[in-house]
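**Q**
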Amino acid sequence: MSPVPRTARSLLGHLLLVLELNFRSRQAIVYGYLVPLLFLVAFGSVFRAEEPALLGQMGQLITITILGGACFGLPTALVAERERGIWRRYRLLPVPTGLLLADVLAARAALVASSVALQVAAARALYHTPLPEHPWVAAGAVVLVTGSFLGLGLLIAAVANDVPAVQALGQCLFLPMIMIGGVGVPLLALPNWAQATASFMPGRYAVELLERAYCGVPPLDGGYFGLAALGIMGLSAGVAGVGLFRWDTGTPVGRRQAIWVVAPLAAWLAVGAAAAWTGRVKPVLPPDIGYEALTDAQVAAVDYLHLPGDDEFVSRLAPPLARGAASPDSFRERLEEWAPGQGADPGQGVRNLLCVAAIADVSRDLEEGQIARRVFDLLRARYEAQRLARILAWIALYPASGTVVTSAPELGLPRRYREAVIRQRVALYATKLLGRLNGRLRD
């Protein structure tokens, strides 16, 4: 029998043994499966009112699951085996030890994949969260993030002297990413300094990649920087972990070996600096999945700092109770009966009504401010405040979504304008009206 099949059978047997030992360990079951489910229930309790529930949070939940398996489960198992002298004995086997280490990483990747699958199924069963629109794309994103985090886990295993040290080092990575790294708390809800700090952490890019893939947005569609960041961070940590890997507990990490730690630290700093240099510190908005799935954090993240004034040339808005000669109350009656503003989809209906204000503004209508005020009054009368705020935030954050009306001859606005110009004015009016609804702007 040739040595190749024998080696393959040996590696397969070792892989199955690693999996069996994992399922015999209570600690591995708790960290690998129970803790992710607890996070799922916690997130479900907070975001259960959203529709569809948890769709906008699945990127965070899957990242937490992968973090637990790769940065706690893997190094804990490796260090525990090293303490028992297992890896010292492995060096006596005819199988290359590098292949054995790759075998352990493959087993851990399989365990992480099973935990992610369990979490996706539980979210579907408990909260009716939709499954990924493109399962193979989402699976590929999970593989990429898992590979990156396994590199971090390998580095922790190489540096830690014992299992308690693994827990301490793991928490040093886990807690910052959970609290200010965009993994536990949505990046949009964090202050500016925390968003800047998160740019130096791989968790942020993992959440963005998984979120896009889960919602059916191609990961390469504007996500090149995040993919590169994950690859650089994970590869540098993995190379350092291999360089520092110890087969025996009695082998200390010397000063010469410690130089390996410089590589991942430099990589993290370089990624964060590149994010700041290229203007990627601000969080990437989750893919547009409709106003109903918009989170409170996204609504609160709408920026009001650079809005033009109400009496400037762009996006004029008359004060309350203002009355103009050219737009009497009959204009509101026509506006109420205007077909594009009465569609079955409230999000599109609101967008169409805002188009009326935008068209009047672009055309420099003498009563543009009053027309915008009539639109605002009608929207507040037609929609409940919380729902209207969510729709306006959706329009402000996703100006390219939906369709726009570029002329309204039924309302005395016959001239047609470019779609891009109308979309820009619609977003401005949506922001102004939202600010008045939630008290951020004075009316």
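Letter 37 of the sequence shown, counting from 1, is numbered 67 in the numbering used here, and no numbers are missing.
Backbone N, C-alpha and C define an ideal beta-carbon position, used for all residues, glycine too.
1. Along the chain, where does the alpha helix (DSSP H) containing Arg-455 start, and where does it finish?
2. So Trp-117 is in the alpha helix (DSSP H); what residue range does that whole segment cover?
3. I'd like the ranges of any alpha helix (DSSP H) spanning at least 4 consecutive residues and lying wholly in the stretch 271-330.
4. Does the distance from the CB of Arg-112 to the CB of Arg-276 come in under 8 Å?
5. Give the DSSP-derived three-state secondary structure of Leu-443 in the structure shown.
6. Going by the beta-carbon positions, is the gap between Pro-162 and Ala-323 smaller than 8 Å?
7. Any contact of the stretch 388-398 with the stretch 435-448, i.e. 3+ C-beta pairs under 8 Å?
8. Looking at Phe-179 and Leu-97, is the spacing between their C-beta atoms short of 8 Å?
9. With DSSP as the reference, label Ala-83 as helix, strand or coil.
10. Go ahead and pull the three-state DSSP assignment for Ala-438.
11. Quick one, which of Arg-56, Gly-371 and Glu-397 has its alpha-carbon nearest Val-435's?
12. Which of helix, strand or coil does DSSP assign to Tyr-334?
13. What residue does the alpha helix (DSSP H) around Ser-144 start on, and which one ends it?
14. In this structure, does DSSP put Ala-430 in helix, strand or coil?
15. Can you give me the start and stop residues for the alpha helix (DSSP H) that Met-207 sits inside?
16. For Leu-182, which residues in the same chain have their Cβ closer than 6 Å to its Cβ, ignoring the five residues on either side in sequence?
17. At what residues does the alpha helix (DSSP H) containing Phe-102 begin and finish?
18. Buried or exposed: where does Asn-52 fall if 16 or more other Cβ atoms within 10 Å of its Cβ makes it buried?
19. Hey, Thr-325 and Phe-77 are a contact pair by Cβ (cut 8 Å); roughly how many whole angstroms apart?
20. Taking the beta carbon of Leu-122 as the centre, do at least 16 other beta carbons fall within 10 Å, making it buried, or is it exposed?
21. Where do the N-terminal and C-terminal ends of the alpha helix (DSSP H) with Gly-348 fall, by residue?
22. Output the distance between the C-alpha atoms of Ala-171 and Gly-200, rounded to the nearest integer angstrom.
23. Is Ala-228 closer than 8 Å to Gly-246 when the C-beta atoms are compared?
24. Which of the three DSSP states is assigned to Pro-124 in this structure?
25. To the nearest angstrom, how far is the alpha carbon of Tyr-235 from that of Leu-217?
26. Inspect the CB distances between the stretch 374-381 and the stretch 333-352 and report whether three or more fall short of 8 Å.
27. May I ask which residues mark the beginning and end of the alpha helix (DSSP H) holding Pro-376?
28. With the cut-off set at 8 Å, would you say Ile-186 and Val-196 are in Cβ contact?
29. In this structure, how does DSSP classify Ala-356 when only helix, strand and coil are distinguished?
30. DSSP on Met-88, reduced to helix/strand/coil?
31. For Tyr-63, count neighbouring Cβ atoms within 10 angstroms of its own Cβ and tell me buried if that reaches 16, exposed if not.
**A** Put simply:
1. Under the DSSP assignment, Arg-455 falls in the alpha helix (DSSP H) whose first and last residues are 449-467.
2. 116-120
3. Listed in chain order, the complete alpha helix (DSSP H) runs (minimum 4 residues) inside the stretch 271-330 are 285-288, 292-307 and 326-330.
4. yes
5. strand
6. no
7. Contact holds: three or more Cβ-Cβ distances are below 8 Å.
8. yes
9. coil
10. Three-state DSSP puts Ala-438 in a strand.
11. Gly-371
12. coil
13. 127-157
14. Assignment of Ala-430 by DSSP, reduced to helix, strand and coil, places it in the coil class.
15. 193-210
16. Cys-101 and Ala-267
17. From DSSP, Phe-102 is part of no alpha helix (DSSP H); its letter is neither H nor E.
18. With 16 or more other Cβ atoms inside 10 Å of its own Cβ, Asn-52 counts as buried.
19. 7 Å
20. exposed
21. Correcting the residue identity first, residue 348 is Ala in this sequence and not Gly. Premise fails: Ala-348 is in no alpha helix (DSSP H) and is neither H nor E.
22. 23 Å
23. no
24. coil
25. Roughly 11 Å separates the two Cα atoms.
26. no
27. DSSP places Pro-376 inside the alpha helix (DSSP H), whose first and last residues are 376-392.
28. In this structure, Val-196 lies closer than 8 Å to Ile-186 by Cβ.
29. Confidence in Ala-356 is poor, its pLDDT being 45 and thus under 50, which makes the residue's placement unreliable; the coordinate value appears in the next sentence. DSSP places Ala-356 in coil when its eight states are reduced to three.
30. helix
31. buried
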